[in-house]
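Here the protein sequences line up with chains A and B, keeping their order.
Residue numbers for the first sequence follow my numbering, beginning at 60 and rising by one.
Residue numbers for the second sequence follow my numbering, beginning at 96 and rising by one.
Think of the CB as a built atom: it goes at the ideal place given N, C-alpha and C, for glycine as much as any other residue.
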Amino acid sequence: MPDPVLPEPVLPDPVLPEPAPHIRHARLFLALIVPAIAVLVPMPFLYGSERAVCGVPVALVWLFCCIPLTTLCLYLAERLSGGNA
Amino acid sequence: MRAVFFLIVIAFAIGLALFAGRQVQKGDPRAFFVARGRFGALLFFFVFVGETYSIGSMLGFPGGIAAQGRVDVALWFTAYILLAFPIGYLLYPRLWRLGQECGAITLPDLLGRYHGSVLLERMSGALLLGLMLPLGTMQFIGLTDALSRLGLPLPPFLLALLSAGVALVFVMGAGMRGAAMTAMLKDGLVVLIILGVALAAMLHWTGHVPGHIPGQAITGGEQRTALFRFRQAPHPVPSCIAILTIILVQAPGFCIAPQTVAALFSARDPHTIRRAQIWMPLYLLLFPFLLVIAMFGLAHPSAMQRPDQVFLTVATRLLPDWAVGLVLGGVALTALVWLGGVCLSLGAIVARNILPDVPQERQRRTGLVVIVLYLVLSVLTSLSPGLLIVTLNRLFYVGLIQLLPATLLCVMGRRTASLPILCGIGAGILGGLALSFAPMALGGVTPALPALMANVLVLVAIMKTASRA
Chain A
60 MPDPVLPEPV
70 LPDPVLPEPA
80 PHIRHARLFL
90 ALIVPAIAVL
100 VPMPFLYGSE
110 RAVCGVPVAL
120 VWLFCCIPLT
130 TLCLYLAERL
140 SGGNA
Chain B
96 MRAVFFLIVI
106 AFAIGLALFA
116 GRQVQKGDPR
126 AFFVARGRFG
136 ALLFFFVFVG
146 ETYSIGSMLG
156 FPGGIAAQGR
166 VDVALWFTAY
176 ILLAFPIGYL
186 LYPRLWRLGQ
196 ECGAITLPDL
206 LGRYHGSVLL
216 ERMSGALLLG
226 LMLPLGTMQF
236 IGLTDALSRL
246 GLPLPPFLLA
256 LLSAGVALVF
266 VMGAGMRGAA
276 MTAMLKDGLV
286 VLIILGVALA
296 AMLHWTGHVP
306 GHIPGQAITG
316 GEQRTALFRF
326 RQAPHPVPSC
336 IAILTIILVQ
346 APGFCIAPQT
356 VAALFSARDP
366 HTIRRAQIWM
376 PLYLLLFPFL
386 LVIAMFGLAH
396 PSAMQRPDQV
406 FLTVATRLLP
416 DWAVGLVLGG
426 VALTALVWLG
436 GVCLSLGAIV
446 ARNILPDVPQ
456 ERQRRTGLVV
466 IVLYLVLSVL
476 TSLSPGLLIV
486 TLNRLFYVGL
496 IQLLPATLLC
506 VMGRRTASLP
516 ILCGIGAGIL
526 GGLALSFAPM
536 ALGGVTPALP
546 ALMANVLVLV
556 AIMKTASRA
């Protein structure tokens with residue numbers, strides 16, 4: 060394919076090689092599966108519930124709790140892989 | 096006093112953008128559009144946050160809750176942005192590496208060069224161009240609402256046009272670097288503003304709300320305790336399905352939005368991207384404070400003129416005049432920084448992917464012409480808002496998500512012919528449009544989801560057929 064611009068310099072990738080498969084799987088579980096389950100699975104049960112905390116429906120309260128949980132999961136996933144991609 | 100503080104904020108932001116512009120190499124499109132991919136964790140964090148939280152988050156989130164009296168908007172809005180960060184944490188480093196290998200600074204660059212198809216590059220560029228037009232319109236609608244509260248003797252059209260001029264200065268000044276510098280100012284201001292307005296709402300919760308609408312009675316309950324209950328959805332099952340399917344589509348869709356990808360390519364390395372992604376969800380902790388503002392509006396209907404403008408109404412009623420100027424400045428910056436990012440990605444897509452014969456030294460100028468046209472068109476369409484804008488907003492993700500399969504093929508290392516990809520995209524868009532406009536009940540399912548499934552089915556079917564042949 061003709062490139063309309065001059066070729067861009069490819070920067071050296073400063074990260075270390077890929078981590079082992081079991082580390083990658085654990086990282087996938089921590090970084091994506093846990094937050095997705097935490098957000099999506101309780102939604103049908105909490106949505107429509109009459110319960111509220113300080114007037115806020117419990118579904119939304121739970122979702123707000125998932126915010127620091129997601130950061131914690133991503134942090135642990137990063138620690139697990141030792142900063143490697 | 097209000098206008099003076101507003102102007103101080105805007106002038107300071109312009110100064111920052113122009114200061115950043117001194118460091119940009121003229122004539123280098125990569126420096127202009129993605130800052131040569133040199134942003135460290137801090138600048139990348141701010142530029143990414145700037146593209147994540149638009150004026151829609153600040154005004155639309157509390158406005159949607161107050162207008163509906165329900166939390167449905169808050170649920171899907173919070174959840175899809177929240178889940179976009181884990182997806183981005185895993186997806187972005189791979190996209191960044193592919194971008195480096197292909198010399199890509201836009202999504203069409205990446206798709207076209209990875210799959211080896213000029214047609215795919217141009218078609219995906221044209222699709223994104225069409226999808227981005229209503230986004231600018233919506234920013235200017237919010238911007239005009241905010242600017243009309245300045246009390247300046249200027250018509251809304253002129254105010255919006257002036258805002259477009261300021262957005263252009265941001266972009267012309269320093270490209271992505273200017274957007275990043277102003278994003279730092281904007282984010283600091285936004286945190287202060289949201290906390291300040293929420294605190295004022297809490298302090299006035301049971302007291303007198305200044306400036307209630309004349310002729311509208313303040314109820315005894317409102318004065319005493321200001322208690323209220325959120326409404327329940329009339330049809331809980333379809334409403335819940337709608338929330339879940341919107342989250343499922345928009346979380347990955349958000350990760351491939353043009354302005355998000357442009358911000359991604361400005362990062363220095365994958366480690367920078369992942370480090371920023373870890374902390375980005377915490378910015379969502381401002382949403383509970385936006386909820387407080389919406390709840391204040393619901394509890395004090397006598398102080399509300401338009402529920403969808405609850406944030407600005409509460410700020411105007413409760414804060415001193417100088418603080419309102421800061422709030423309006425922060426809201427305007429939110430829109431302008433976001434517009435800056437969108438304009439940059441739009442300019443890059445047109446200059447590189449739709450008109451690829453433009454020489455490198457003229458790409459920046461071509462991009463700027465496109466940006467001017469985009470801003471003027473957005474201002475003009477923002478002056479006639481109606482159902483069309485709402486519809487276009489819904490269609491944005493119906494179209495955008497169709498590029499997800501082709502992007503995932505890149506990430507998985509599967510180079511594919513352009514025919515199955517383009518047929519899949521076509522099937523997805525046609526299916527999505529048909530489902531969006533046809534009077535058929537989907538049980539709450541957002542049309543983008545079956546449209547995406549149609550895309551994947553067509554893509555896989557043609558790939559299988561081709562491999563057998």
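Of the candidates B/154, B/534, B/176 and B/479, B/176 places its Cα closest to the Cα of residue 125 of chain A. When secondary structure is reduced to three states using DSSP, residue 111 of chain A falls in the strand class. Cβ-Cβ separation between residue 363 of chain B and residue 135 of chain B: approximately 6 Å, consistent with a contact (criterion under 8 Å). The continuous alpha helix (DSSP H) containing residue 160 of chain B extends over residues 156-163. The contact set of residue 333 of chain B on chain A, defined by CB atoms closer than 9 Å, is empty, because the minimum CB distance reaches about 11 Å.
In this chain, the alpha helix (DSSP H) harbouring residue 334 of chain B covers 331-350.
Residue 143 of chain B carries a helical assignment under DSSP once its states are collapsed to helix, strand and coil. Among the residues of chain B, none has a CB under 7 Å from the CB of residue 141 of chain A; the nearest is roughly 11 Å distant.
Beta-bridge analysis with DSSP links residue 362 of chain B to B/134. Ranked by Cα distance from residue 205 of chain B, the options B/530, B/558, B/547 and B/508 are led by B/508. As a beta-bridge residue in DSSP terms, residue 116 of chain A pairs with A/111. When the alpha-carbon of residue 438 of chain B is set against those of B/390, B/358, B/372 and B/498, the nearest one is in B/358. Annotation: residue 101 of chain A to residue 207 of chain B spans about 40 Å, alpha carbon to alpha carbon.
Only those residues of the region 357-372 of chain B whose C-beta falls short of 8 Å from the nearest C-beta of chain A are listed: 364, 365, 366, 369, 370 and 372. Note that the C-beta distance between residue 406 of chain B and residue 233 of chain B is not below 9 Å.
Remark: C-beta atoms of residue 348 of chain B and residue 522 of chain B do not approach each other more closely than 9 Å.
Near chain A, meaning a CB-to-CB distance below 8 Å, the residues of the region 145-178 of chain B are 166, 169, 170, 173, 174, 177 and 178.
CA-to-CA, the gap between residue 516 of chain B and residue 530 of chain B works out to about 21 Å. Residue 210 of chain B sits in a helix when the DSSP states are folded into three classes.
Chain-ordered listing is empty here: chain B has no CB closer than 9 Å to the CB of residue 112 of chain A, the nearest sitting near 11 Å. Distances from the CA of residue 427 of chain B to each of B/114, B/387, B/145 and B/138 were compared; the closest alpha carbon is that of B/145. Counting of Cβ neighbours within 10 angstroms places residue 447 of chain B among the buried residues, the total reaching 16 or more. Excluding sequence positions up to five before and after residue 511 of chain B, its CB lies within less than 7 Å of the CB of 210, 504 and 558, all in the same chain and listed in chain order. Rounded to whole angstroms, residue 194 of chain B and residue 547 of chain B show a C-alpha spacing of 24 Å.
If you look at residue 184 of chain B, you'll find it in the alpha helix (DSSP H) that goes 167-197. Proximity of residue 184 of chain B to chain A, defined by a Cβ-Cβ separation below 9 Å, is satisfied. Here DSSP, grouped into helix, strand and coil, assigns residue 473 of chain B to helix.
Put simply, of B/472, B/393, B/418 and B/383 the residue whose alpha carbon is nearest the alpha carbon of residue 127 of chain A is B/383. Pairwise C-beta distances place the region 96-104 of chain B in contact with the region 415-424 of chain B, as three or more of them are shorter than 8 Å.
Under the criterion of beta carbons closer than 8 Å, residue 202 of chain B and residue 353 of chain B qualify as touching, at roughly 6 Å. DSSP places residue 395 of chain B in the coil class of the three-state scheme, outside both helix and strand. Taking all protein chains in view, the Cβ of residue 271 of chain B is crowded by 16 or more other Cβ atoms within 10 Å, so the residue is classified as buried. Per the C-alpha coordinates, the member of B/491, B/540, B/478 and B/419 positioned closest to residue 254 of chain B is B/478.
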